[in-house]
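The structure under discussion appears below in the form of structure tokens.
Residue numbers (my numbering): 991 to 1168.
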């Protein structure tokens, strides 16, 4: 039981980026279907990325250091700036590609966690199921809160959302330097 609690706490920690990014991205006021698809994509990435990481981690030496902060930061900056640009041009963002990028970006930390799990001799399928479920729920919650923010302050919500994603992007890039 203690181990499950630890896994849930790790899953919540891994889901915080998905939550905060979906809060910002949710200000684009997506419909319920799109919110579900993006949340499901994030959940699936949080399922498969740790498995891939565990397979790689199991095969690699313990001295490998994988830093995914720069990649994550750049992806969030791209999405954030794209939101800003399209909010002024009133154009539709390429939804499918951004759904993939968003899911990938918020799941990179799960990949790194998976590498660490691969160095341990554990069965990870229950763990990645918990990661997946919690990240799906946190992403869904973030989108609905972002959507409600949009309803309250409308056009400015997109600017706030883009600012959140850009801030997250810069935060990751700064982690690369520190």
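For each residue, glycine too, the CB sits at the ideal point set by N, CA and C.
Alpha helix (DSSP H) segment containing residue i, residue limits
i	result
residue 1124	1115-1143
Through-space distance from residue j to residue i, alpha-carbon basis
i	j	result
residue 1006	residue 994	18 Å
residue 1064	residue 1167	14 Å
residue 1092	residue 1159	12 Å
residue 1011	residue 1035	15 Å
residue 1121	residue 1134	20 Å
residue 1088	residue 1097	14 Å
residue 1038	residue 1157	27 Å
residue 1107	residue 1002	17 Å
Collapsed DSSP secondary structure at residue i in the structure displayed
i	result
residue 1088	helix
residue 1168	coil
residue 1019	coil
residue 1097	coil
residue 1080	Model confidence at residue 1080 stands at a pLDDT of 49, short of 50, so the residue's coordinates are unreliable and nothing is read from them.
Residue i at chain D interface by Cβ criterion, 9 Å
i	result
residue 1026	Chain labels in this structure do not include chain D; a single protein chain is all it has.
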